[in-house]
Every structure is written in structure tokens, then in C-alpha cells.
């Protein structure tokens, strides 16, 4: 199994955008964002072999159109749903933490801690709602 095949699988799952709406920065594909699928994991290895088998081989999958590759992945999802969805979940977690993806979505890069992100000042309605909470009598027991 080649790195090119693994990259083709990853980019079929997370293909990115060719053009973003209203001139925004388009989302990168998974490999453009630096997402790497762990192939030493037994679950991922078994799924990659199943994908290759359903496609007629690594090369056939890589040469296939996006719709054909998507059809292969849908078949694998039906056959091995829990494992496939776990793989997708792992990829999504890495993808949405990638700096290029955060930038394309307009999110600040970097960890929230220790400095935090800038939060807008509360408006009058929010402050009034918070005051109602602050004025409530405590409804919990004191800790011993």
C-alpha cells in the first residue's frame, strides 16, 4: 500500500473546496492541511486493504473519479461501519485542528489557554440575564 493511495483515501474523505463562497479562503484538502492517516494502526490497515479490494486495487482507486472513489468508500462504510466511522472521526479531529483549516474558517490559531481568545463585551440583555442568575438563592448544599 503506497502513501499516494493513503493520501487519495484521505482526500476523498476530506476533499476541501475548489472555491470558497463570497471570496473567502477555500478549505484545503486533508493532505494540504497536513493530515496524515496512521497506517500502523491495525484498524486503519484493515480498512485500507478493504478499500483497495473494493476498488480493484490501489492504482484503480487512485485513477478513479471522485464519485467512483466516494462510492467505494460508501460500500466500505456499509460493510465495516464502526471502524470506518472511527477512522473518519480521527481524520476530522486532526483536520479541524490544522492551522490552514482554522484560518480558512476564520478561527484564531493557537490554544485557548493560557491567554484565551478575545471575547466580545456582553450586551445589556446578556448582563440583565446574568443579574437574574446572580440574584437567585443558592440551590446547592454547602460542601462538608
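Numbering (the working numbering), first residue to last: 30 to 173.
Here a beta-carbon is modelled for each residue, glycine too, at the ideal position from N, C-alpha and C.
What is the C-beta distance between residue i and residue j, in whole angstroms, given that I count them as a contact (C-beta under 8 Å)?
| i | j | result |
| --- | --- | --- |
| residue 90 | residue 103 | In fact, because the Cβ distance is near 13 Å, the residues do not count as touching under 8 Å. |
| residue 66 | residue 30 | Incorrect: roughly 11 Å between the Cβ atoms, too far for contact. |
| residue 108 | residue 79 | 7 Å |
In chain order, what residues of the same chain lie with their CB nearer than 7 Å to the CB of residue i, ignoring the 5 residues before and after it?
| i | result |
| --- | --- |
| residue 48 | 55 |
| residue 144 | none |
| residue 87 | 30, 31, 34, 81 |
The alpha helix (DSSP H) with residue i in it runs from where to where?
| i | result |
| --- | --- |
| residue 165 | Premise fails: residue 165 is in no alpha helix (DSSP H) and is neither H nor E. |
| residue 104 | 95-108 |
| residue 146 | Note, residue 146: premise wrong, no alpha helix (DSSP H); not H, not E. |
Pick from the options: whose alpha carbon is nearest that of residue i?
| i | options | result |
| --- | --- | --- |
| residue 96 | 40, 158, 146 | 40 |
| residue 122 | 43, 38, 86 | 43 |
| residue 110 | 72, 150, 98 | 72 |
| residue 131 | 32, 34, 63 | 63 |
| residue 129 | 60, 30, 50 | 60 |
| residue 50 | 133, 162, 124, 112 | 133 |
| residue 75 | 93, 113, 46 | 113 |
| residue 116 | 85, 68, 99, 58 | 68 |
| residue 33 | 148, 92, 157, 135 | 92 |
Secondary structure at residue i, three-state DSSP: helix, strand or coil?
| i | result |
| --- | --- |
| residue 38 | helix |
| residue 50 | helix |
| residue 30 | coil |
| residue 128 | helix |
| residue 155 | helix |
| residue 70 | coil |
Could you pull out every residue in the same chain whose Cβ sits closer than 6 Å to the Cβ of residue i, ignoring the five residues on either side in sequence?
| i | result |
| --- | --- |
| residue 146 | 137 |
| residue 106 | 113 |
Does the beta carbon of residue i come closer than 8 Å to any beta carbon on chain B?
| i | result |
| --- | --- |
| residue 150 | Included in the structure is just one protein chain, with no chain B present. |
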